[in-house]
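Structure, as structure tokens:
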Amino acid sequence: MNLGFIGLGKMGEPMAMRLLDASFTLNVWNRSPAKTINANKAGAVVASCPSVVASRSEIIISMLNDDDAALEVFEGADGLLAGNVEDKLFIEMSTLRPSTARKLATSCNIQGAAFIDAPVSGTVGPAEEGRLMALVGGKEADLERARPVLDILTRRIVHVGAVGQGSLMKLVINLPLAVYWHSLGEAAAMGHAGGLELSVILDVMKDSGASMAAFPKKIPEILGESDLVTFDIDTLHKDVEFIIETGMDFHVPMAAAKTILSSSKAAKENGLGSADASELVRFIINSYRNSENKD
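In this text, residue positions in the sequence shown follow my numbering: the first is 362, and each later residue adds one.
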């Protein structure tokens, strides 16, 4: 089967590599050509633009940074939909606004192509291991057509409804994760201000009900002992913006999300946009410490 893959960033590259390892013929494109080098060395064919990827592929996967990038890749002058795409299937795996996923689906359907949104739960490690969870919105028949591809990339595929519902589900699960890092920062700031060592706070947290699955692996980043980035603050901030917009559409006030948006914005303004989201903890601790010193 000829596949296409658009977007070879932190998540896209390991996903593309898994498809190559599974002996699919893979056509790839990335806005920054340098990011296609590893996939090309592994056997992928690098295309000059998204429309060429679509012309060579039966199923096309996209893993992009945001809505603007997705709209440009699909609907731009040399985009995926610039040529004949009848009977092709597009699997959009980026984290998008639900409304954007529906817009892309409509554009594809008008041209005779199928579309599902299938954003994933998981970061770089699970992407490398094929242990992501796909949250799929779309027709059952289109999901079944996509399943041989998704099975290579995921440990679980959850069909949550029509197109756009996969994107909604992704925002639903991302909010508690964002809240977790912020609340951990406030809790640690309180303990540290009261004289507790940060390393002790984190060690106790790790062995308590306050720990989530990703937390123990992130302690080195929080302590400043590692600069590994699996999900950066820029992306967290973007996702929280989408969460607030979507929540407000449904008349949910999103008070916690607005607090996270404020702290992630402050972290970005202090040069931490490319840092791992877990470093929000250390940023919040330092912010309270600096505020206390001013007092």
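Ideal Cβ placement from N, Cα and C applies to all residues, glycine included.
Computed from a predicted structure; not experimentally measured.
Residue environment analysis places valine 497 among the buried positions, since at least 16 neighbouring C-beta atoms fall within 10 angstroms of its C-beta. Beta-bridge analysis with DSSP links threonine 397 to no other residue. For glutamate 606, same chain residues with a beta-carbon under 8 Å away, outside a window of 5 residues either side, are Arg458 in chain order.
The three-state reading of DSSP puts methionine 494 in strand, counting E and B together. Within the same chain, and ignoring the five residues on either side of leucine 584 in sequence, no residue has its Cβ closer than 6 Å to its Cβ. For the pair glycine 527 and alanine 488, the CB atoms are not nearer than the 7 Å cut-off. Leaving aside the five residues that flank lysine 619 on each side, the residues in its chain whose CB is nearer than 8 Å to its CB run, in chain order, Ile605. Per DSSP, the beta-bridge partners of histidine 520 are Val497. Taking the Cα of aspartate 637 as reference, the smallest distance to any Cα among Ile518, Ile562, Glu586 is reached at Glu586. Shortest Cα-Cα distance from serine 623 to any of Ser635, Gly608, Ile645, Asn535 involves Ile645. Aspartate 382 and histidine 612 have their C-alpha atoms some 45 Å from each other. Here DSSP, grouped into helix, strand and coil, assigns glycine 608 to helix. Segment contact: the stretch 624-636 against the stretch 566-579, fewer than three CB-CB distances shorter than 8 Å; contact not assigned.
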